[in-house]
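Novice: Would you mind keeping the following structure in view while I ask a few things?
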Amino acid sequence: MIVRVCDLGGTHCRIGQYVDGHLDAASVARFENSDHASFTALMRHYHERSGIAPAERMVIALAAPVTGDVVALTNLDWTIDRDEISRATGVPDVFLINDFEALGHALSSPQSLELRSLNEGNSATGNGTKLILGAGTGFNCAARLSNGSVVCCEAGHSTFVAETDFDRALQRWFTQKFGRCSFDRVLSGSGLGAIYQTVCRLENQTPIHATSHQIIPAALEQGDGPAARACHEFVRILGRAAGDLALVFMATGGVYVTGGVARGLDAFMSGPESRFLSAFKAKGRMAETMAAVPVKLVLDDNTALRGCLEWQKTTGNVTH
Numbered sequence: 012m013i014v015r016v017c018d019l020g021g022t023h024c025r026i027g028q029y030v031d032g033h034l035d036a037a038s039v040a041r042f043e044n045s046d047h048a049s050f051t052a053l054m055r056h057y058h059e060r061s062g063i064a065p066a067e068r069m070v071i072a073l074a075a076p077v078t079g080d081v082v083a084l085t086n087l088d089w090t091i092d093r094d095e096i097s098r099a100t101g102v103p104d105v106f107l108i109n110d111f112e113a114l115g116h117a118l119s120s121p122q123s124l125e126l127r128s129l130n131e132g133n134s135a136t137g138n139g140t141k142l143i144l145g146a147g148t149g150f151n152c153a154a155r156l157s158n159g160s161v162v163c164c165e166a167g168h169s170t171f172v173a174e175t176d177f178d179r180a181l182q183r184w185f186t187q188k189f190g191r192c193s194f195d196r197v198l199s200g201s202g203l204g205a206i207y208q209t210v211c212r213l214e215n216q217t218p219i220h221a222t223s224h225q226i227i228p229a230a231l232e233q234g235d236g237p238a239a240r241a242c243h244e245f246v247r248i249l250g251r252a253a254g255d256l257a258l259v260f261m262a263t264g265g266v267y268v269t270g271g272v273a274r275g276l277d278a279f280m281s282g283p284e285s286r287f288l289s290a291f292k293a294k295g296r297m298a299e300t301m302a303a304v305p306v307k308l309v310l311d312d313n314t315a316l317r318g319c320l321e322w323q324k325t326t327g328n329v330t331h
């Protein structure tokens, strides 16, 4: 069977095909969403590429809550219509799932993923609940329970809780602009930009960077003080959120961190002095429990694609 899999985020789209359970490397392609008028147009463009074999089934992981056959993306002005995609590509069975649902299913075999350890923790707890969370265009998470089921949520849209004076300044800025401050606003590419702007305001500096693509290299390569502080503040907030969610789900099986922004900040998340890890573990009477939780950075760009395949293996065998 040929299964087409798609990871559609707010900024990029990655598509590939599994043939008899194996990913066809030649079929994998990555697109900028802004280069296409709609997802249907993007998918039609992929479908018409030379060498792309007809697929019998398609699983699309979306950065949005999936409650029916027509889904509006959260961070992109696109509407995904299952029947329209099927007609445009000729694929008879099209399934829409949440992107973190796919990532949760990818944790069925974490040993097959490209990972780097941020906290070794206690490997004896590996059979417990696993949590995967990601900071990219937005923020969210999913948990894979010990029985193999995946619990999805929209954690990114929960209210950001300020802990430090810096947090309060950041929260005030977002609240004035949007009416509230959520983790999706803060722990994202645009959120890093807002954190940088807040650093500059507090330090009476003139901002010279506009996006995360400018801020992270400036912090890493140019020794830019405000950019570096922004990156440290971001990973501190990410670590605190990851620790909170690990406690909510009691993720003794490990916490897996993914997303383009998180991977870009790898250098700031690593090492015993990392503000990410110190914030992750700083849970008062639960600090010892947190220190025992393994934490991994997911480096594999195809994790959601793998998760789409795993989802259809376990729950996607009934056609629409």
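Per our numbering, the sequence shown starts with residue 12, numbered consecutively. We put the CB at the ideal spot given by N, CA and C, even for glycine.
1. Closest to Met301 by C-alpha separation, out of Ala48, Ile63, Gly250, Lys188, would be which residue?
2. May I ask which residues mark the beginning and end of the beta strand (DSSP E) holding Phe106?
3. Measure from the alpha carbon of Ser281 to the alpha carbon of each residue in Val102, Thr170, Ser157, Arg247, then state which is nearest.
4. Just curious, the beta strand (DSSP E) that Arg97 is in, first and last residue?
5. Beta-carbon separation of Ala153 and Leu126 under 8 Å?
6. Output yes or no for whether 8 Å exceeds the beta carbon distance between Arg41 and Gln28.
7. Should the segment 63-72 be regarded as contacting the segment 100-111, the criterion being three or more beta carbon pairs within less than 8 Å?
8. Measuring CA to CA, which of Thr22, Asp35, His23 is closest to Arg317?
9. Helix or strand or just coil, what does DSSP make of Lys294?
10. Pick helix, strand or coil for Asn44, following the three-state DSSP scheme.
11. Enumerate, from N- to C-terminal direction, the unbroken beta strand (DSSP E) stretches of 3 or more residues contained entirely within the segment 155-202.
12. In chain order, what residues of the same chain lie with their CB nearer than 6 Å to the CB of Lys292, ignoring the 5 residues before and after it?
13. Using the C-alpha atoms, what's the distance from Ser128 back to Ala221?
14. Would you mind working out which of Ser160, Arg212, Trp184, Lys141 sits nearest Gly254, comparing C-alpha positions?
15. Quick one: Cα of Lys324 to Cα of Ile96, how far?
16. Going by C-alpha to C-alpha distance, which of Leu308, Gly79, Gln187, His243 sits closest to Glu284?
17. Counting Cβ pairs, one atom from each stretch, are 3 or more of them under 8 Å apart for the segment 265-274 and the segment 229-238?
18. Do Ala72 and Cys17 come within 8 Å of each other at the CB atom, strictly closer than that value?
19. Report the three-state DSSP secondary structure of Gln323 (helix, strand or coil).
20. Quick check on DSSP: helix, strand or coil for Gly27?
21. Is the beta carbon of Gln225 sitting closer than 8 Å to the one on Pro218?
22. Return helix, strand or coil for His220, following the three-state DSSP convention.
Specialist: According to the structure data:
1. Gly250
2. 104-109
3. Arg247
4. It should be pointed out that residue 97 corresponds to Ser in this sequence rather than to Arg. According to the DSSP assignment, Ser97 belongs to no beta strand (DSSP E) but to the alpha helix (DSSP H) extending over 93-100.
5. no
6. At the C-beta level, Arg41 and Gln28 stay beyond 8 Å of one another.
7. yes
8. Asp35
9. Coil.
10. Helix at Asn44.
11. 161-163
12. For Lys292, where only same-chain residues beyond five positions count, the Cβ hits under 6 Å are Ala298, Met301, Ala302.
13. Those two C-alpha atoms are separated by around 31 Å.
14. Of the residues Ser160, Arg212, Trp184, Lys141, the one whose Cα lies closest to the Cα of Gly254 is Lys141.
15. The C-alpha of Lys324 lies about 21 Å from the C-alpha of Ile96.
16. His243
17. no
18. yes
19. helix
20. strand
21. no
22. coil
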